[in-house]
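Notes for the one structure printed next.
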Amino acid sequence: METQEILIPLLLTLGAGLATGIGSAIAFFAHRTNKRLLSFSLGLSGGVMVYVSFVELFQEAEVALCSQWGDKPGTIFTVLSFFAGILLIAVIDKLVPSFENPHEAHRIEEIDEIEKHNTHKPAPSEHRLMRTGVMTALAIAIHNFPEGIATFTSAVNNTSLGIAIAAAIAIHNIPEGIAVSVPIFYATGNAKKAFYMSVLSGLAEPVGAVLACALLMPFMSASLMGCILAAVAGIMIFISIDELLPAAREYGEAHISIYGFIAGMAVMAVSLVMMS
Numbered sequence: 020m021e022t023q024e025i026l027i028p029l030l031l032t033l034g035a036g037l038a039t040g041i042g043s044a045i046a047f048f049a050h051r052t053n054k055r056l057l058s059f060s061l062g063l064s065g066g067v068m069v070y071v072s073f074v075e076l077f078q079e080a081e082v083a084l085c086s087q088w089g090d091k092p093g094t095i096f097t098v099l100s101f102f103a104g105i106l107l108i109a110v111i112d113k114l115v116p117s118f119e120n121p122h123e124a125h126r127i128e129e130i131d132e133i134e135k136h137n138t139h140k141p142a143p144s145e146h147r148l149m150r151t152g153v154m155t156a157l158a159i160a161i162h163n164f165p166e167g168i169a170t171f172t173s174a175v176n177n178t179s180l181g182i183a184i185a186a187a188i189a190i191h192n193i194p195e196g197i198a199v200s201v202p203i204f205y206a207t208g209n210a211k212k213a214f215y216m217s218v219l220s221g222l223a224e225p226v227g228a229v230l231a232c233a234l235l236m237p238f239m240s241a242s243l244m245g246c247i248l249a250a251v252a253g254i255m256i257f258i259s260i261d262e263l264l265p266a267a268r269e270y271g272e273a274h275i276s277i278y279g280f281i282a283g284m285a286v287m288a289v290s291l292v293m294m295s
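Just so it is clear: in the sequence shown, position 260 is 279 by this note's numbering, and no numbers are missing.
Spelled out as structure tokens, the structure:
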């Protein structure tokens with residue numbers, strides 16, 4: 020593949036990952052959590068992912084695999100790959116302790132509460148600080164890694180589709196940046212460290228993209244791409260159901276999140292019609 024065909028998907032993945040830094044910056048500069056906006060944004064991201072997964076990725080995978088293996092075997096391979104993607108992300112999610120799970124919803128106001136009750140902020144021990152940083156970074160990387168693979172492989176197959184998926188993941192990474200910053204600030208009392216760790220966590224996504232490029236591109240074929248697209252669809256469906264929609268509802272704006280979800284599907288539908 021040409022350099023440009025690889026560079027654009029890598030840049031899209033990097034941009035989506037670095038959106039965690041935007042969320043972290045909001046956490047330290049905003050005074051109140053805009054719960055309605057966060058709920059709507061998470062719902063919007065989920066709507067985009069669900070619509071793209073079922074309407075575009077799954078169907079593209081099925082067409083590719085059926086053309087290579089025939090109708091029935093191709094459909095079977097598509098379904099198996101789809102659920103393999105769900106199984107992969109479910110196992111990854113299971114391995115991460117809930118205490119360090121960066122997808123748990125947090126509010127910006129928690130920063131003020133932490134500062135109010137910890138005016139002296141005694142520095143934690145070096146051992147505790149290292150353990151907190153390592154465990155948090157590991158949890159974030161495990162969660163973000165498959166998202167990087169999903170963005171990259173989708174963009175390699177279809178740049179316009181990759182842009183839409185990167186935008187959806189970037190939107191969902193903004194509140195994740197808040198969720199990362201709050202517990203790290205609580206553990207260290209250091210806003211800069213919380214910001215840097217949040218930005219660093221987003222880099223797990225381009226790392227996933229680079230590994231996908233290095234490991235998969237040399238063996239890429241129509242059949243492998245079909246299996247990858249179906250697996251990516253499964254990964255994004257799981258992310259939407261397990262992370263985005265529950266997190267959106269945790270901000271206490273259930274109906275707003277549903278409106279966002281529907282808006283995300285509508286925006287994606289219009290975009291796909293215009294691209295066709």
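From the three backbone atoms N, C-alpha and C, an ideal C-beta is built for every residue, glycine too. Remember, predicted model here, so these are calculated numbers, not experimental data.
Next item on the list: Return the CA-CA distance between Glu307 and Tyr70, expressed in angstroms with no decimal places.
Entry: Not covered by the structure: residue 307. The range shown for the chain is 20 to 295.
Next item on the list: Look up Met236 in the DSSP assignment and say whether it is helix, strand or coil.
Entry: helix
Notebook entry, point to check: Alpha carbon to alpha carbon, how far is Thr97 from His274?
Noted result: 34 Å
Notebook entry, point to check: So what's Gly245 in DSSP terms, helix, strand or just coil?
Noted result: helix
Note to self: As a quick exercise: from Ser290, Ala210, Leu26, Ala109, pick the residue whose alpha carbon is nearest that of Ala250.
What the structure shows: Ala109
Next item on the list: Measure from the alpha carbon of Asp261 to the alpha carbon of each residue in Ile27, Ala44, Gly65, then state which is nearest.
Entry: Gly65
Notebook entry, point to check: Is Gly208 helix, strand or coil by DSSP?
Noted result: coil
Next item on the list: Could you check which residue in Gly283, Pro237, Cys232 has the C-alpha nearest to that of Thr172?
Entry: Cys232
Notebook entry, point to check: Taking Ala80 as the reference, which of Pro28, Gly245, Leu106 has the closest Cα?
Noted result: Gly245
Check: Taking just the CA atoms, how far does Ile247 sit from Cys85?
Finding: 14 Å
Notebook entry, point to check: Between the C-alpha atoms of Leu219 and Pro92, what's the straight-line distance to the nearest angstrom?
Noted result: 42 Å
Notebook entry, point to check: Mapping DSSP to helix, strand and coil, what is Asn177?
Noted result: coil
Checklist line | Straight-line Cα distance separating Leu99 from Val67 | finding: 23 Å
Checklist line | chain C within 8 Å of Glu195, Cβ atoms only | finding: This model lacks chain C altogether, as it is built from one protein chain only.
Next item on the list: Report the three-state DSSP secondary structure of Ala142 (helix, strand or coil).
Entry: Caution is warranted here: a pLDDT of 46 is assigned to Ala142, below 50, making its placement in the model unreliable, and no coordinate value can be reported.
Item checked: Cα-Cα separation between Leu263 and Met284, rounded to whole angstroms -> 14 Å
Note to self: Given a cut-off of 8 Å on the beta-carbon distance, is the pair Leu31 and Ala185 in contact?
What the structure shows: yes
Check: Where do the N-terminal and C-terminal ends of the alpha helix (DSSP H) with Ser72 fall, by residue?
Finding: Here Ser72 belongs to no alpha helix (DSSP H), and DSSP marks it neither H nor E.
Notebook entry, point to check: Would you call Pro194 buried or exposed, if buried means 16 or more other Cβ atoms sit within 10 Å of its Cβ?
Noted result: buried
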